[in-house]
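Presented below is the structure to which this report refers.
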Amino acid sequence: MKERKGKKSVHEVMGMEVSRRDFLRTTAVGAAGLAVGSLPFAPFTYGASTPIRIGMIQENTVGATAYGYWLTKVARAAVAKLNAEGGISGRKVELVEYDTKVNPAWASSMFKKLILEDKVDFTMGSVHSGVQMAVFPLAEQYKMPYIGGGAMAAGLTGKDAIAYYTRIHTHARMQAAAGWKWGFDNLGKNWTFLVADYAWGHSLAEEFGSRIKAAGGKTQTILAPQNTSDFVPFLQKVDPDTKVLFTAFLGAPALGVMRQTVELGLHKRLQRYTVICCTDGVGQETVGKESAGAHYLSYYPRYASQVPKELQAYDKTYRKAIGMTDDAKDASNPKNTATVSHMWTMWTTPYMIKLAVEKSGWKDSKKNADFMKAFNTLMVKAGPWAPQGDLVMRENDHQGFHDHYLEEVQPNLSLKVIARISKEKLMYDAPVDLRSKL
Amino acid sequence: MASNLAVAVLNGIVWGMIMALIALGLNLIFGLLHIINMAHGALYMLGAVFSWYVIELTGNYWLALIVAPLGVGLVGLALERGILRTIEDQPVVTIICTFGIMLVLQQLVLTYFGGTACRIALPIPWRIPLFDLQYPVMRIVIAAISAAVMGTLWLFLNRTRYGLWMRAVVQDREMAVALGIPVHKVYMWTFVLGSVLAAFSGVLAAPIVCVDFMMGREILIMAFIIVIVGGMGNLWGSVVTAVMISLIHGVGSIFVVPSTATVFSLGFMILVLLVRPQGLFGE
Numbered sequence: 001m002k003e004r005k006g007k008k009s010v011h012e013v014m015g016m017e018v019s020r021r022d023f024l025r026t027t028a029v030g031a032a033g034l035a036v037g038s039l040p041f042a043p044f045t046y047g048a049s050t051p052i053r054i055g056m057i058q059e060n061t062v063g064a065t066a067y068g069y070w071l072t073k074v075a076r077a078a079v080a081k082l083n084a085e086g087g088i089s090g091r092k093v094e095l096v097e098y099d100t101k102v103n104p105a106w107a108s109s110m111f112k113k114l115i116l117e118d119k120v121d122f123t124m125g126s127v128h129s130g131v132q133m134a135v136f137p138l139a140e141q142y143k144m145p146y147i148g149g150g151a152m153a154a155g156l157t158g159k160d161a162i163a164y165y166t167r168i169h170t171h172a173r174m175q176a177a178a179g180w181k182w183g184f185d186n187l188g189k190n191w192t193f194l195v196a197d198y199a200w201g202h203s204l205a206e207e208f209g210s211r212i213k214a215a216g217g218k219t220q221t222i223l224a225p226q227n228t229s230d231f232v233p234f235l236q237k238v239d240p241d242t243k244v245l246f247t248a249f250l251g252a253p254a255l256g257v258m259r260q261t262v263e264l265g266l267h268k269r270l271q272r273y274t275v276i277c278c279t280d281g282v283g284q285e286t287v288g289k290e291s292a293g294a295h296y297l298s299y300y301p302r303y304a305s306q307v308p309k310e311l312q313a314y315d316k317t318y319r320k321a322i323g324m325t326d327d328a329k330d331a332s333n334p335k336n337t338a339t340v341s342h343m344w345t346m347w348t349t350p351y352m353i354k355l356a357v358e359k360s361g362w363k364d365s366k367k368n369a370d371f372m373k374a375f376n377t378l379m380v381k382a383g384p385w386a387p388q389g390d391l392v393m394r395e396n397d398h399q400g401f402h403d404h405y406l407e408e409v410q411p412n413l414s415l416k417v418i419a420r421i422s423k424e425k426l427m428y429d430a431p432v433d434l435r436s437k438l
Numbered sequence: 001m002a003s004n005l006a007v008a009v010l011n012g013i014v015w016g017m018i019m020a021l022i023a024l025g026l027n028l029i030f031g032l033l034h035i036i037n038m039a040h041g042a043l044y045m046l047g048a049v050f051s052w053y054v055i056e057l058t059g060n061y062w063l064a065l066i067v068a069p070l071g072v073g074l075v076g077l078a079l080e081r082g083i084l085r086t087i088e089d090q091p092v093v094t095i096i097c098t099f100g101i102m103l104v105l106q107q108l109v110l111t112y113f114g115g116t117a118c119r120i121a122l123p124i125p126w127r128i129p130l131f132d133l134q135y136p137v138m139r140i141v142i143a144a145i146s147a148a149v150m151g152t153l154w155l156f157l158n159r160t161r162y163g164l165w166m167r168a169v170v171q172d173r174e175m176a177v178a179l180g181i182p183v184h185k186v187y188m189w190t191f192v193l194g195s196v197l198a199a200f201s202g203v204l205a206a207p208i209v210c211v212d213f214m215m216g217r218e219i220l221i222m223a224f225i226i227v228i229v230g231g232m233g234n235l236w237g238s239v240v241t242a243v244m245i246s247l248i249h250g251v252g253s254i255f256v257v258p259s260t261a262t263v264f265s266l267g268f269m270i271l272v273l274l275v276r277p278q279g280l281f282g283e
């Protein structure tokens with residue numbers, strides 16, 4: 001046998017003969033030792049129990065895509081944080097996502113897929129009232145907890161409410177409760193509602209309008225299709241005595257109605273008021289100078305500087321975790337504005353699921369009713385998981401309450417908080433009682 | 001009432017002119033290539049999106065008005081050469097194919113431009129008083145530009161060799177081939193011209209509405225109504241019908257809810273199709 005010059009054999013190095021069996025045994029024992037040793041440091045006991053799966057539906061294509069993008073981004077960040085903190089009851093959390101295409105029929109089929117094929121444990125998401133209503137029968141049929149993610153029709157936790165649905169955020173009735181009085185006292189008593197001709201727009205006109213009328217004011221309602229591009233024919237119909245023009249449209253029409261109000265010179269004789277839903281996710285530079293002087297009712301101040309002092313530390317951590325700058329831009333793309341007032345729901349919801357699971361002792365779907373009861377009695381204190389501030393759930397109608405803000409567009413187009421409305425002032429009587437239905 | 005009527009008539013004419021340009025492109029493509037172009041609305045949207053990028057880069061709307069339609073013309077060229085050439089003269093197949101193209105264009109814009117609507121500032125910010133309302137000068141300028149483009153198109157079709165070829169191909173394709181007219185080139189440039197017209201309308205409409213990846217959807221339906229009522233393949237029928245339908249909608253909006261006024265326009269279409277199935281001005 002030819003000797004290699006200057007090199008030693010394994011035998012020479014080890015000083016002993018190593019058989020294949022010895023090698024395998026030693027390796028196996030070593031690997032087992034390493035695995036056991038690492039267990040106390042691992043966040044989950046992988047394999048000991050299955051992950052908790054949260055199914056999510058969002059508007060990612062066709063329409064309302066800014067909402068879909070941000071709500072998805074925030075939900076992913078929240079689940080990552082939850083997993084980094086040990087998951088839920090030691091179980092890893094997985095997110096299963098589907099696009100609704102803003103199509104209730106399609107969304108229903110995806111929701112069914114989440115339940116039957118993906119075997120998710122909880123569901124959440126969608127900012128579209130029509131989509132949410134469409135999946136209600138499935139949530140009810142399969143007793144699947146469904147936590148809404150930004151849809152504003154009042155009926156979702158009112159006349160159309162179901163036992164397995166819950167909403168942690170504002171809606172048209174709460175917005176009216178928060179915003180009508182300030183508008184009535186400060187802007188004028190004669191209102192025209194120019195709103196999108198579907199559930200959300202109707203809700204806003206009805207909820208604000210009924211309060212204005214009850215207080216002795218006058219109202220006019222003009223309904224326009226949500227896809228209207230030219231509002232001139234609608235704006236022509238605004239009562240000449242109107243002092244407040246309240247508009248409610250999403251996406252491009254929201255910008256169109258703002259601009260065309262100015263183009264017809266109506267802004268000179270009336271005040272403009274709307275809910276932030278109309279331009280959430282749209283930078284003020286895009287909304288344009290036509291918005292100067294307009295008033296928005298919001299549910300989370302857009303700019304970090306406008307966040308109440310006691311919440312600023314939580315807000316800072318939250319913005320960093322989801323990749324949002326102080327002026328509500330995407331940290332990776334400054335042209336992309338965040339849907340600040342809506343997306344916090346996807347940050348807080350996974351945490352509330354964790355709290356409700358722990359509170360109810362939920363292990364699997366057999367205890368879904370207990371989970372719902374626990375979820376709807378939660379009181380979340382302001383903190384890293386609740387940067388929007390304290391949040392209180394009401395058991396009767398599965399509705400959450402939180403603070404609201406009034407923001408005014410300044411001449412430099414920035415949004416300035418001019419009033420904060422506490423959640424206690426928004427607590428209207430529960431329109432339904434779902435407690436006996438679980 | 002007087003201000004409402006003035007605004008309604010003016011606005012009806014403005015939208016009529018914009019719609020006429022879109023319908024002209026659609027009709028031109030159908031009349032010659034027999035392609036029912038479901039992607040026409042997407043080309044209109046693409047024009048607006050391209051103009052937004054040009055304005056972002058240069059700050060010049062008028063430059064965008066020239067550059068963006070040319071850019072979309074190149075897209076039209078690629079579509080005709082790469083996809084549609086093989087299925088020309090098969091209307092049913094072209095419906096499916098162009099519908100697919102529409103979806104692809106929309107999703108590409110959604111991916112790169114984003115889902116948030118964007119606004120283009122009015123290049124002419126002045127407004128003229130109209131009784132107790134005001135009306136933006138830019139809208140009147142848009143109507144004037146549309147009229148000028150239509151006039152140029154008329155001259156192109158009636159006073160140039162290419163226009164003559166196009167008319168010849170419409171009248172008798174076989175004879176045109178026999179006489180040495182390069183029919184495939186005529187097809188190609190007609191599709192490009194139709195695309196440019198759609199994009200041009202998109203750029204004109206962009207400062208009035210907002211730039212959005214779905215902005216072509218509603219326009220397309222109205223454009224088809226105009227083409228059908230005006231007469232399939234009848235270019236000037238489209239122009240008259242576009243203005244007529246927009247005026248019916250605008251003036252109707254004074255007396256009823258604007259959404260109901262849309263029913264008037266659709267009722268007008270049904271009436272025309274019942275009485276003159278070939279369209280108001282014939283095919």
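Chains A and B, in that order, give the protein sequences.
Take the first sequence: its letter number 287 is residue 287 in my numbering, and every next letter is one higher.
Take the second sequence: its letter number 93 is residue 93 in my numbering, and every next letter is one higher.
Glycine included, C-beta positions come from ideal geometry on N, C-alpha and C.
All values derive from a computational prediction rather than experimental measurement.
- Residue nearest to Y112(B) within the set R167(B), V149(B) and W52(B) is W52(B) (criterion: CA-CA distance).
- For Y142(A), there is no enclosing alpha helix (DSSP H), since its DSSP letter is neither H nor E.
- Taken through DSSP and simplified to helix, strand or coil, A242(B) comes out as helix.
- Listed along chain B is no residue with a C-beta nearer than 9 angstroms to that of F193(A); the closest approach is about 13 angstroms.
- Chain A places a beta carbon closer than 8 angstroms to that of I254(B), counting this residue as a contact.
- Not one beta carbon of chain B lies nearer than 8 angstroms to the beta carbon of D280(A).
- If you look at W347(A), you'll find it in the alpha helix (DSSP H) that goes V340 to S360.
- With contact defined as three or more Cβ pairs closer than 8 angstroms, the stretch 28-38 of chain B and the stretch 182-194 of chain B are in contact.
- Taking a C-beta distance under 8 angstroms as the contact criterion, I418(A) and D403(A) do not qualify as a contact pair.
- Under the three-state reduction of DSSP output, M174(A) falls in the helix class.
- Against chain A, the beta carbon of A178(B) has no neighbour under 9 angstroms; the closest one sits roughly 47 angstroms away.
- Under the Cβ criterion (8 angstroms, minimum of three pairs), the stretch 314-326 of chain A counts as touching the stretch 70-77 of chain A.
- Per DSSP, W191(A) is one residue of the beta strand (DSSP E) stretching across N190 to A196.
- Short of 6 angstroms from the beta carbon of K218(A), and not among the five residues preceding or following it, lie these beta carbons of its own chain, in chain order: N190.
- Against W15(B), the close residues of chain A are D230, in the order they occur along the chain (beta-carbon pairs closer than 8 angstroms).
- DSSP places C118(B) in the strand class (E or B) of the three-state scheme.
- Under DSSP, the beta-bridge partners assigned to V275(A) are L297(A).
- Around the beta carbon of S305(A), a 10 Å sphere encloses fewer than 16 other beta carbons of the protein chains shown; the residue is thus reported as exposed.
- Per DSSP, the beta-bridge partners of H404(A) are I421(A).
- Using beta-carbon distances, A2(B) does not count as an interface residue toward chain A, since no partner is under 8 angstroms.
- Residues of chain B whose Cβ lies closer than 7 angstroms to the Cβ of N227(A) are, in chain order, E218.
- Assignment of M152(A) by DSSP, reduced to helix, strand and coil, places it in the coil class.
- Contacts between T349(A) and chain B, judged by CB atoms closer than 8 angstroms, are missing: the closest CB pair is about 22 angstroms apart.
- In the three-state reduction of the DSSP assignment, F136(A) falls in the helix class.
- Here Y146(A) is bridged, per DSSP, to T123(A) and Y165(A).
- If you compare the alpha carbons of Q399(A), Q410(A) and D280(A) with that of L434(A), the shortest gap goes to Q399(A).
- Contact annotation for E263(A) against chain B: L122, R127, Q134, Y135, P136, M138, R139 and I208 [CB-CB distance below 9 angstroms, chain order].
- Chain-order list of chain B residues neighbouring T61(A): Q106, Q107, L110 and G115, by C-beta distance under 9 angstroms.
- Within the same chain, Cβ atoms closer than 6 angstroms to the Cβ of F208(A) are found at A176 and W180, the five residues on either side in sequence being excluded.
- Secondary structure note for P136(B): it is in no alpha helix (DSSP H), and the uninterrupted beta strand (DSSP E) holding it is L133 to P136.
- Across the structure, A338(A) and L130(B) are spaced so that their CA atoms are roughly 39 angstroms apart.
- C278(A) sits away from A252(A), with the two beta carbons spaced by 8 angstroms or more.
- With the rule of 3 Cβ pairs closer than 8 angstroms, the stretch 260-271 of chain A does not count as touching the stretch 377-391 of chain A.
- Inclusion of L297(A) and A178(A) in the CB contact set at 8 angstroms is warranted, their separation being smaller than that value.
- Secondary structure at T72(A): helix, using DSSP grouped into helix, strand and coil.
- Residues of chain B whose Cβ lies closer than 9 angstroms to the Cβ of Y98(A) do not exist; the shortest such Cβ separation is about 17 angstroms.
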